[in-house]
Amino acid sequence: MTHRIVVVGADAAGMSAAHQALRAARRAGRDVSVVAFEATSHTSYSACGLPYWAAGHVDSQDALVARTPEQHRAAGIDLRMGTRVTAVDLDARTVTAEGPDGVEELGYDDLVIATGAAPVVPEWARGQDGTPLPGTGPVSTLDDGCRWVDRLATGADVVVAGGGYIGLEMVEAALARGHRCTLLTRGRFMHTLDPEMAQRIVDAMRAAGVDVREGAEVVGLDVEAGRVTGARTADGRHVSGDLVVLALGLSPRTELVSGQLALGRHRGLLPDARGRVDAARGVWAAGDCCEVHHRLLDEPRFLPLGTHANKLGRALGDNLGDPDSRLTFDGALGTAITRFVGGDQYLEIAMTGLTEEVAVEAGLDVLAATLEGTTASGYMPEAEPVAIKVVAERGTRRLLGVQIVGGHGAGKRIDAAAATLWFGGTVDDLAWMDLAYAPPFATAWEVLSVAARRVAERR
């Protein structure tokens, strides 16, 4: 008898799991079928590329699509687009789905939940029909991307609400399209970095003409004749803008199984390293609807990122298709990278592991130092400024985290730090690691190694 797998959600995690399950089943000689439900009209696209499409750096939405529905179907997946799963009965092992052909109840042997995360859209940004007001909205789906490409073709002023990665990238998009831009954030900007490192980005944005306002929580929008004319902050100020980007974060989409499965602190599902959520009832999960095991904090954290979705999806699929598989997704470090481009300002921003603030909050005895250097030998035209902060644990000398803010070529240095963290290395390991050197690319003492050495020399 064919073993039926039902996948709810057909983007990165869901389709990685579906394809790998079929491959693993063929390897194991098992008869497996996969039915996948996707509520929208798009699948397998790069949400991370949306701000760059909005900026005009990507030609079309087609460039962001990794696989079309037709390609998924050609690989053997019964993919049903525009079909929303409205109910799940985990005990009966059935899903109820509503789509173009009506309502259907379908049984399964194993269920994969890959419903992703929803952008935060507060009530003050919604119209009477519950959808975002004209001229405002998140940047989460291809449809959102289409809207922002069209909106930024006008000459409007832009307000970005939210001081994280998407907020920063949409500021870049607004500037690239020739708009004046104001960024409003409830607390301090880029709280995933330590304050002094985030301040370097704020300074660059202000130098590029961006009005950055920290401690400015948006609590409402001003609307005239059905169009947004600006945002209102908690201190009563009006900030003019014809367009308002909602970059206020994401929330795991777990409502479908809320009350039937355990959820984490951030309301995300809690799969194990193989992707299992409830082995007895055949429930698996991957992607932004899940919380990820943080290797340093040894606890689940909500880290929505395509790389985690694809990795856990692949591991899940391998285990699902072949019961003898031992492929696992062994957590994350919070490694991230982005950039800011505006006027003559260019910054690469990267981090991995714990900031000094988070490490102290976790009760660790911390050593930290920040080094300023250059991305290449000083006499080379490629040399640009870079600041690197290294955080380590006193006593054990265990590396805890690295943050990088600098010019061209700075950001991907974070990978050496992430590799050191992944294998439990010390600050001394990073200080003396054999890293590549040639004048166009690095100094004779690589700046990352020197930053680590500064901490290593402390006691």
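For the sequence shown, this note's numbering begins at -4 and goes up steadily by one. Ideal placement from N, C-alpha and C gives every residue a C-beta, glycine not left out. Quick caveat: nothing in here was measured; it's all calculated off a predicted structure.
Among the bridge pairs identified by DSSP, G358 is matched with none. With 16 or more neighbouring CB atoms inside 10 Å of its own CB, E343 falls in the buried class.
If only complete runs of 3 or more residues are kept, the stretch 180 to 243 shows the beta strand (DSSP E) at 206 to 209, 213 to 219, 222 to 228, 233 to 235, 238 to 241, in order along the chain. In this structure, the alpha-carbon of M185 lies about 15 angstroms from that of G401. Taken through DSSP and simplified to helix, strand or coil, L430 comes out as coil.
Between the stretch 333 to 347 and the stretch 426 to 434 there are fewer than three C-beta pairs closer than 8 angstroms, too few to call the two in contact. Unbroken alpha helix (DSSP H) runs of no fewer than 4 residues, entirely contained in the stretch 246 to 325, are found at 301 to 316, following chain order.
The shortest C-alpha to C-alpha distance from A345 to any of E356, A113, I399 is the one to I399. Of the candidates T224, G368, R195, G312, the residue whose Cα lies closest to the Cα of S28 is G312.
Minimum Cα-Cα distance from A354 among the listed residues T89, V386, A220 corresponds to V386.
G94: member of the beta strand (DSSP E) spanning 89 to 94, first to last residue. For C176, DSSP records a beta bridge to V153. Contact annotation: T415 and L394 have beta-carbon atoms nearer than 8 angstroms.
Under the three-state reduction of DSSP, E452 is assigned to coil, being neither helix nor strand.
By DSSP's assignment, H(-2) forms a beta bridge with V27. Per DSSP, reduced to three states, the secondary structure at D6 is coil, with no helix or strand assignment.
Pairing V381 with A405 gives a Cβ-Cβ distance under 8 angstroms.
Counting only the Cα atoms, V442 lies some 48 angstroms from S253.
In its chain, beyond the 5 residues on either side, T347, V397 have a beta carbon closer than 6 angstroms to the beta carbon of A412. Cβ atoms of M192 and K384 come within 8 angstroms of each other, at about 6 angstroms. Taking the C-beta atoms as reference points, G282 is found nearer than 8 angstroms to A8. Taking 3 residues as the minimum length, the beta strand (DSSP E) runs contained wholly in the stretch 394 to 449 are 394 to 401, in order along the chain.
Exclusion of the five residues before and after D86 leaves R276 as the residues of its chain whose Cβ lies within less than 8 angstroms of its Cβ. DSSP places G44 in the helix class (H, G or I) of the three-state scheme. Inclusion of A19 and G419 in the CB contact set at 8 angstroms is not warranted, their separation being larger than that value. E164 sits in a helix when the DSSP states are folded into three classes. The Cβ-Cβ distance between G158 and T180 falls below 8 angstroms. A straight line joining the alpha-carbon of L106 with that of A280 spans about 8 angstroms.
In the DSSP annotation of this structure, the continuous segment of the alpha helix (DSSP H) that includes D145 starts and ends at 137 to 146. Beta-bridge analysis with DSSP links P114 to L245. Shown here for I72: same chain residues with a beta carbon closer than 6 angstroms to its own, the five before and five after excluded, namely A13, V29, A31 in chain order. Residues R172 of the same chain have their beta carbon placed closer than 8 angstroms to that of A148, with the five preceding and five following residues left out of the count.
Taking each of G337, D267, E294, E356 in turn and checking the Cα distance to F324, the smallest one comes out for D267. Taking C-beta separations shorter than 8 angstroms and ignoring five residues to either side along the sequence, the partners of D104 in its chain run H(-2), R(-1), I0, R88, G277, following chain order.
Boundaries of the alpha helix (DSSP H) harbouring Q66: 64 to 69, taken from the DSSP string. When beta bridges are read from the DSSP output, D73 appears opposite V30.
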